[in-house]
Amino acid sequence: MKSRNLFLAAAGLGLALSGGLPAVATAETSGDVSVQDVHRKSAKCRTPEGQKINISWGDGSVTTTVYYNNHCNQARAIELEFVKESGERFNKCFVAPARTQGSKKIGNGNPNKVSILGASRCP
Numbered sequence: 050m051k052s053r054n055l056f057l058a059a060a061g062l063g064l065a066l067s068g069g070l071p072a073v074a075t076a077e078t079s080g081d082v083s084v085q086d087v088h089r090k091s092a093k094c095r096t097p098e099g100q101k102i103n104i105s106w107g108d109g110s111v112t113t114t115v116y117y118n119n120h121c122n123q124a125r126a127i128e129l130e131f132v133k134e135s136g137e138r139f140n141k142c143f144v145a146p147a148r149t150q151g152s153k154k155i156g157n158g159n160p161n162k163v164s165i166l167g168a169s170r171c172p
């Protein structure tokens, strides 16, 4: 039995070296691939009691997509603060409708601060 296994292993090695077996696909990555951090926040609802709005977003360099799941009976505003290279701060805001889940893509990347506002509209 051992000699048979040895023979089969040698035959397989010979086929692999001679090109008789298909090549195995490999994936290579460049050195500039990085893992983006995912951030999460939640806030309590006024009603129904015990429910929350949950949001998450990543550190995108060009855009930021905020995913939301609003279990509240009221809409909630979500505000993102960005900082330009000059140090100037500016905000982008959108409203997550009541009892919905979805996402919003913002045309700026890597927010400095993300807040779930108590109001149902943007300031």
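In this text, residue positions in the sequence shown follow this note's numbering: the first is 50, and each later residue adds one. From the three backbone atoms N, C-alpha and C, an ideal C-beta is built for every residue, glycine too.
Check whether residue i and residue j have beta carbons under 8 Å apart
i: Val-87; j: Ile-104; result: no
i: Cys-121; j: Cys-94; result: yes
i: Pro-146; j: Ala-124; result: yes
Other residues of its chain near residue i: CB distance less than 7 Å, five sequence neighbours each side excluded
i: Ala-168; result: Ala-126
Residues that residue i bridges to, as DSSP identifies them
i: Glu-128; result: Cys-142, Ser-164
i: Gly-136; result: Partner(s): none; Gly-136 has no beta bridge.
Contacting residues, own chain, Cβ-Cβ under 8 Å from residue i (five flanking each side not counted)
i: Ile-155; result: Thr-112, Thr-113, Thr-114, Val-115, Leu-129, Lys-141, Phe-143
i: Val-163; result: His-88, Lys-90, Ile-104, Trp-106, Val-115, Ile-127, Glu-128, Leu-129, Glu-130
Reference residue i; option with closest CA among the options
i: Leu-166; options: Ile-102, Lys-133, Ser-152, Gly-151; result: Ile-102
i: Lys-133; options: Gln-150, Trp-106, Ser-110; result: Ser-110
For residue i, the three-state DSSP class (helix, strand or coil)
i: Val-111; result: coil
i: Gly-80; result: The predicted position of Gly-80 is uncertain, since its pLDDT is 44 and thus under 50; no value can be drawn from it.
Chain-order list of residues whose beta-carbon lies under 6 Å from that of residue i (same chain, five-residue window excluded)
i: Ala-92; result: Ile-102, Ile-165
i: Arg-148; result: none
i: Lys-153; result: Val-115, Phe-143
i: Ala-118; result: Checking the sequence shown, residue 118 turns out to be Asn, not Ala. Closer than 6 Å at Cβ, skipping near neighbours: Asn-103, Gln-150.
i: Asn-157; result: Phe-131
i: Cys-171; result: Ala-126, Cys-142
Beta carbon proximity, residue i to chain C, threshold 8 Å
i: Arg-95; result: Absent from the structure: chain C. Only one protein chain is present.
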